[in-house]
Amino acid sequence: MKKQAVLLAVLSALAVSLPASAQEVVRIGHAAAVTGPVAYFGKDTENGARMAIEALNARGTSIGGKKVRFELRAEDDAGDPKQATSVAQKLVDAKIHGMVGHETSGTTIPASKIYHAAGIPQVSPSSTSPKYTQQGFNTAFRVVANDVQLGQALGRYAVGSMKAKRVAVVDDRTAYGQGLVTEFSRSLQKQGGTVVAREFTNDHALEFSAIITRIRATKPDLVFFGGMSATAGPMLRQMKQLGMNVRMMGGDGICSDETHKLSGGTMADGQVVCAEAGGVQGEARAGMDKFRADYKKRFGIDVQINAPYAFDSVMTMAEAMVKAGSSAPASYLPVLARIQYKGVTGPIAFDARGDIRDGTITLYTFKGGKRSLLAVTK
């Protein structure tokens, strides 16, 4: 009798523990620069992805009739293309079910080849280079507008609203920076503007006096910079020191309050205009405002730019898994390609290349060191 009692107790314990141990774990990868000069951008998207994971687990998501637990596998690619490919292979080897990232176009593009070879869906919340989705990979998607859309909008605004005719362009030699400057220059010239100087630096540079001196000699109405806040901030400070008080324009890479901080407070109100690849207006703003409030409550800091897009990247991928009844990449990939999901950043649906359909652009300036909304457009 004693043996039977022991056996029953063991079997009972196993019965209790089996459901928990048998629960499927869905692994979502995330990679961005969480160290280095633009770590604030990388941590922003990682936090957004983490909020989505927590929301999915809190609601008790089921896939194929079974409760699952989502897990975030976050890696640091340091904004370096070589490290990005190493990270991508590490995540593939960890058997992730889906990938959110990378943060920059320069890391997203080389990493995308590895995810494609493994058949793992990849959704970028922030990479804007057209080259990412022009490779023909059926695993590559993005939830933000690309540089063609950004460049066109910025070119129209520069000439139409800022009345800039003579523009100097500078890029940081990254895939993002070069691509954005190329598309902006095309748009500018279509609107009747002229590129009076073309310069380049790199994404780690801190000294720009030679570039600024050459640009100043061309007497531009505007400087367009393709790059990130970590470079734009010091450039603005040195422009001020060299008596060059013209306006600056750029993409989402400089559309952060960090730009003002890194300029040493020299950035004047209204001096900088930037565009974020995305944005909502009207009734949809309530959902975005709630996300921002929830983010600050969770992490104690404000959203930089792309956290809500990382959140929607995870949620859209999870929705595809639920609709497919499977977290297996091969099973939910075709569902993801034709998904229609209402996110905090607006409606999400992809075209044949994996670009978001009807992507919006939000234009900002800065007042008192903080971003100030100008317009939402397409």
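For the sequence shown, the positions run -22 to -1, 1 to 356 when mature numbering (1 follows the signal peptide of the UniProt record, and there is no 0) is used.
Beta carbons are placed, not taken as given, at the ideal position from N, Cα and C, and that holds for glycine.
What you are looking at is a predicted structure, and each value in this text was computed from that prediction instead of being measured.
- Message: Buried or exposed for Ser241, going by 16 or more other Cβ atoms inside 10 Å?
- Response: buried
- Message: Taking 8 Å as the limit between beta carbons, can you name the residues of its chain near Gln67, skipping five residues before and five after?
- Response: Ile92
- Between the region 28 to 43 and the region 296 to 304, do three or more beta carbon pairs fall short of 8 Å? yes
- What separation, rounded to the nearest whole angstrom, lies between the Cα atoms of Pro88 and Val4? The alpha-carbon atoms of Pro88 and Val4 are separated by roughly 25 Å.
- Query: Between Ala146 and Gly97, what straight-line distance do the alpha-carbon atoms span, to the nearest angstrom?
  - Reply: Rounded to the nearest angstrom, the two C-alpha atoms are 42 Å apart.
- Query: Going by beta carbon distance, what residues of the same chain come within less than 6 Å of Arg331, once the five residues before and after it are set aside?
  - Reply: Thr111
- Query: How many angstroms separate the CA atom of Lys(-21) from the CA atom of Gln1?
  - Reply: In this predicted model, Lys(-21) has a pLDDT of only 49, less than 50, meaning its place in the structure is not dependable; the value taken from the coordinates is given anyway. For Lys(-21) and Gln1, the distance between alpha carbons rounds to 33 Å.
- Item | Residue from Gly256, Arg215 and Gly265 with nearest C-alpha to Ile190 | Arg215
- For Ala306, the three-state DSSP class (helix, strand or coil): Under the three-state reduction of DSSP output, Ala306 falls in the coil class, being neither helix nor strand.
- Residue range of the unbroken beta strand (DSSP E) whose run includes Thr355: Lys348 to Thr355
- Assess, as a yes-or-no matter, whether the region 285 to 295 is touched by the region 14 to 28 under the definition of 3 or more beta carbon pairs within less than 8 Å. yes
- Message: Along the chain, where does the alpha helix (DSSP H) containing His238 start, and where does it finish?
- Response: Glu236 to Leu240
- Query: Is Val174 closer than 8 Å to Thr160 when the C-beta atoms are compared?
  - Reply: Contact flag unset, no.
- Item | Cβ contact (3+ pairs, closer than 8 Å) linking the region 162 to 170 and the region 134 to 144 | The region 162 to 170 makes contact with the region 134 to 144, as at least three CB pairs between them are under 8 Å.
- Neighbourhood of Gly170 by C-beta distance below 8 Å, restricted to the same chain and skipping five residues each side: Val137 and Lys143
- Task: With DSSP as the reference, label Met213 as helix, strand or coil.
- Result: In the structure shown, Met213 adopts helical secondary structure according to DSSP, grouped into three states.
- From what residue to what residue does the alpha helix (DSSP H) around Ser64 run? Pro59 to Asp71
- Inter-residue spacing [alpha-carbon to alpha-carbon] between Leu(-12) and Ala52: Model confidence at Leu(-12) stands at a pLDDT of 44, short of 50, so the residue's coordinates are unreliable and nothing is read from them.
- Query: Who are the near neighbours of Met266 in its chain, counting only those whose CB is closer than 8 Å to its CB and skipping five residues on each side?
  - Reply: Val258, Pro286, Val322 and Thr323
- Item | Euclidean distance between Cα positions of Gly129 and Leu158 | 6 Å
- Query: To the nearest angstrom, how far is it from the Cα of Glu254 to the Cα of Ala306?
  - Reply: C-alpha separation (whole angstroms): 33 Å.
- Whose C-beta lies closer than 7 Å to the C-beta of Ala62 among residues of the same chain, with five residues either side of it excluded? Ala9, Asp55, His80, Thr85, Pro88 and Ala89
- Give the C-beta separation of Val281 and Val78 to the nearest angstrom, bearing in mind that I take them to be a contact with Cβ-Cβ under 8 Å. Their Cβ separation, rounded to whole angstroms, is 16 Å, which puts Val281 and Val78 out of contact at 8 Å.
- Would you call Leu341 buried or exposed, if buried means 16 or more other Cβ atoms sit within 10 Å of its Cβ? So Leu341 counts as buried.
- Item | Whole runs of the alpha helix (DSSP H) within the region 237 to 317, excluding any shorter than 4 residues | Correct list: 263 to 277, 285 to 302 and 307 to 315.
- Query: With distances taken from CA atoms, which of Met29, Lys44, Tyr18 and Val16 is nearest Lys275?
  - Reply: Restricting attention to Met29, Lys44, Tyr18 and Val16, the CA atom closest to the CA of Lys275 is found in Met29.
- Inter-residue Cα distance where the pair is Tyr154 and Gly7: 22 Å
- Item | Collapsed DSSP secondary structure at Gln100 in the structure displayed | strand
- Message: Only counting the same chain, and skipping five residues up and downstream in sequence, which positions put a Cβ closer than 7 Å to that of Ser304?
- Response: For Ser304, same chain residues with a beta-carbon under 7 Å away, outside a window of 5 residues either side, are Ile41, Gly42 and Tyr310 in chain order.
- From Leu351, Ile339 and Lys345, residue whose alpha carbon lies closest to that of Gly133: Ile339
- Message: Could you give the first and the last residue of the continuous alpha helix (DSSP H) run that contains Asp22?
- Response: For Asp22, the enclosing alpha helix (DSSP H) covers residues Ala17 to Arg37.
- From this set, Val224, Gly260 and Gln318, which residue's C-alpha is nearest Thr244's C-alpha? Thr244 has its Cα closest to that of Val224, out of Val224, Gly260 and Gln318.
- Take Asp125 and list the residues in its own chain whose beta-carbon comes closer than 7 Å to its own, dropping the five residues that flank it on each side. Thr106, Ser107, Pro108, Gly157, Leu158 and Glu161
- Item | Rounded C-alpha distance that separates Leu351 from Phe344 | 8 Å
- Query: Quick one: Cα of His238 to Cα of Lys348, how far?
  - Reply: 8 Å
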